[in-house]
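Enquirer: Numbering (our numbering), first residue to last: 2 to 225. Glycine included, each C-beta is placed from N, C-alpha and C at the ideal position. All figures in this text were calculated on a predicted structure; none of them were measured in a lab.
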């Protein structure tokens with residue numbers, strides 16, 4: 002049975018501390034004026050979550066939790082698929098912070114210990130999606146529940162970025178997050194359809210370009 006209280010904690014966009022310091026390219030779209038209200042934010046996040054993350058991060062979670070591919074191989078593939086060093090660095094930071102927080106709050110298991118050891122030793126780069134997925138499994142979440150929780154975390158984090166960066170009012174932010182439930186469900190469906198390592202991919206080109214251009218902004222609120 003899923004530890005619902007634990008699942009809600011792990012799926013919170015503020016877990017682990019520091020996740021709100023990253024925009025994953027959304028700040029670039031805000032600075033360019035392409036994300037300026039609820040509708041444009043919804044479109045950007047939907048592309049990022051469904052086209053960018055579902056068949057890469059989500060697929061990696063699904064393959065790991067179904068034990069179809071070793072976590073080391075998944076970590077290497079996800080890291081290699083990301084051309085942006087800033088975002089790779091953000092991923093490493095969040096993965097390490099997540100694994101350290103599991104240790105602090107007593108969430109563990111052989112797979113978490115093995116991955117934490119690999120990340121600490123530099124054998125694995127550190128992928129937030131994999132760290133999150135292993136934690137969801139440790140508290141009893143099914144694979145679909147883990148995927149939905151991770152997608153909801155992505156949506157919540159992006160909406161929080163826009164609430165500060167656009168800025169958006171509280172009601173607009175809440176409405177946008179609610180309207181993105183369809184994107185969360187699409188994320189789950191696409192992730193579950195990934196069957197092997199070669200199917201891991203990302204196709205949110207505009208979002209990836211925003212991530213690459215982020216470092217050129219004259220002033221930034223977020224690290225990525």
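In terms of residue numbering, what span does the alpha helix (DSSP H) encompassing residue 194 cover?
Expert: Taking the first residue of the chain shown as position 1, residue 194 is located at position 193. Taken as a continuous stretch (DSSP letters only), the alpha helix (DSSP H) holding residue 194 covers 182-194.
Enquirer: To the nearest angstrom, how far is it from the Cα of residue 55 to the Cα of residue 219?
Expert: Numbered from 1 along the chain shown, position 54 holds the residue referred to as residue 55. Numbered from 1 along the chain shown, position 218 holds the residue referred to as residue 219. The alpha-carbon atoms of residue 55 and residue 219 are separated by roughly 31 Å.
Enquirer: Can you find the residues in the same chain that come closer than 7 Å, C-beta to C-beta, to residue 188, ignoring five residues on each side of it along the sequence?
Expert: Against the chain shown, residue 188 aligns to sequence position 187. If we look at residue 188 and ignore the five residues flanking it on each side, its Cβ neighbours are 50, 51, 54, 55, 59, 148 and 152.
Enquirer: Could you tell me which of 104, 107, 128 and 171 sits nearest to residue 81, measuring between CA atoms?
Expert: The residue you call residue 81 lines up with position 80 of the chain shown. When only C-alpha atoms are compared, the closest one is 128.
Enquirer: Can you list, in chain order, the residues of its chain with a C-beta nearer than 6 Å to that of residue 27? Leave out the 5 residues immediately preceding and following it.
Expert: As a first step, residue 27 is located in the chain shown; it is residue number 26 there, counting from the start. These residues qualify, in order along the chain: 159 and 162.
Enquirer: Closer than 6 Å by C-beta to residue 4: which residues in its own chain qualify, once you throw out the five before and the five after it? Chain order, please.
Expert: Within the chain shown, numbered from 1, the residue matching residue 4 stands at position 3. Cβ neighbours of residue 4 beyond the five flanking positions: 140 and 141.
Enquirer: Does DSSP put residue 13 in a helix, a strand or coil?
Expert: The residue labelled residue 13 in the question sits at position 12 within the chain shown. Note: residue 13 maps to coil in three-state DSSP.
Enquirer: Given a cut-off of 8 Å, decide if residue 186 and residue 91 are closer than it, judged by their beta-carbon atoms.
Expert: The count along the chain shown starts at 1 and reaches residue 91 at position 90. The count along the chain shown starts at 1 and reaches residue 186 at position 185. Cβ atoms of residue 91 and residue 186: not closer than 8 Å.
Enquirer: Taking only the alpha-carbon atoms, compute the straight-line gap between residue 169 and residue 208 and give it to the nearest angstrom.
Expert: Within the chain shown, numbered from 1, the residue matching residue 169 stands at position 168. Within the chain shown, numbered from 1, the residue matching residue 208 stands at position 207. In a straight line, the C-alpha of residue 169 is about 20 Å away from that of residue 208.
Enquirer: Would you identify the three-state DSSP class for residue 125, choosing helix, strand or coil?
Expert: For the purposes of this step, residue 125 is identified with residue 124 of the chain shown, where counting begins at 1. Coil at residue 125, not helix or strand.
Enquirer: Could you tell me the distance, in whole angstroms, from the CA atom of residue 96 to the CA atom of residue 132?
Expert: Indexing the chain shown from 1 puts residue 96 at position 95. Indexing the chain shown from 1 puts residue 132 at position 131. So the alpha carbons of these two residues sit roughly 6 Å apart.
Enquirer: If we ignore side chains and look at the alpha-carbon of each, how far apart do residue 62 and residue 193 end up?
Expert: Counting from one through the chain shown, the residue named residue 62 turns up at place 61. Counting from one through the chain shown, the residue named residue 193 turns up at place 192. Rounded to whole angstroms, residue 62 to residue 193 spans 9 Å at the Cα level.
Enquirer: How should residue 43 be labelled, buried or exposed, when 16 other C-beta atoms within 10 angstroms of its C-beta is the threshold for buried?
Expert: Locating residue 43 in the chain shown gives position 42, counting from the first residue. Per the 10 Å Cβ criterion, buried.
Enquirer: By the DSSP assignment, the alpha helix (DSSP H) with residue 85 in it spans what residues?
Expert: Mapped onto the chain shown, residue 85 falls at position 84. Where residue 85 is concerned, there is no enclosing alpha helix (DSSP H), given that its DSSP letter is neither H nor E.
Enquirer: Would you mind working out which of 72, 138, 6 and 78 sits nearest residue 115, comparing C-alpha positions?
Expert: For the purposes of this step, residue 115 is taken as the residue at position 114 of the chain shown. Among 72, 138, 6 and 78, the Cα nearest to that of residue 115 belongs to 72.
Enquirer: Can you round the beta-carbon distance between residue 225 and residue 88 to whole angstroms, since I take them to be within the 8 Å contact cut?
Expert: As a first step, residue 225 must be located in the chain shown, where it is residue number 224. As a first step, residue 88 must be located in the chain shown, where it is residue number 87. 5 Å between Cβ atoms; contact.
Enquirer: Just mark residue 30 as buried or exposed, buried being the case when its beta carbon has 16 or more other beta carbons within 10 Å.
Expert: On the chain shown, position 29 is the one that residue 30 refers to. Under this definition residue 30 is a buried residue.
Enquirer: Contact check, residue 150 vs residue 15 under 8 Å by CB: the rounded distance?
Expert: Numbered from its first residue, the chain shown carries residue 150 at position 149. Numbered from its first residue, the chain shown carries residue 15 at position 14. Wrong, their Cβ atoms sit about 14 Å apart, outside the cutoff.
Enquirer: Is residue 8 closer than 8 Å to residue 146 when the C-beta atoms are compared?
Expert: The sequence position of residue 146 within the chain shown is 145, counting from 1. The sequence position of residue 8 within the chain shown is 7, counting from 1. Contact: yes.
Enquirer: Sorted by chain position, which residues of the same chain lie with C-beta nearer than 6 Å to residue 102's C-beta, five sequence neighbours on each side aside?
Expert: Taking the first residue of the chain shown as position 1, residue 102 is located at position 101. 17.
Enquirer: Give me the Cβ distance between residue 85 and residue 181, rounded to the nearest whole Å; I'm assuming they're in contact under 8 Å.
Expert: As a first step, residue 85 must be located in the chain shown, where it is residue number 84. As a first step, residue 181 must be located in the chain shown, where it is residue number 180. That pair is no contact at about 23 Å.
Enquirer: Residues in its own chain within less than 7 Å of residue 117 by CB, not counting five upstream and five downstream?
Expert: Counting from one through the chain shown, the residue named residue 117 turns up at place 116. Counting only Cβ-Cβ distances below 7 Å, and skipping sequence neighbours, we find 100.
Enquirer: Which residues bound the alpha helix (DSSP H) around residue 208?
Expert: Within the chain shown, numbered from 1, the residue matching residue 208 stands at position 207. Start and end: 206-214.
Enquirer: Reducing DSSP to helix, strand and coil, say where residue 24 ends up.
Expert: Within the chain shown, the letter at position 23 stands for residue 24. In the structure shown, residue 24 sits in coil (DSSP, three-state: anything other than H, G, I, E or B).
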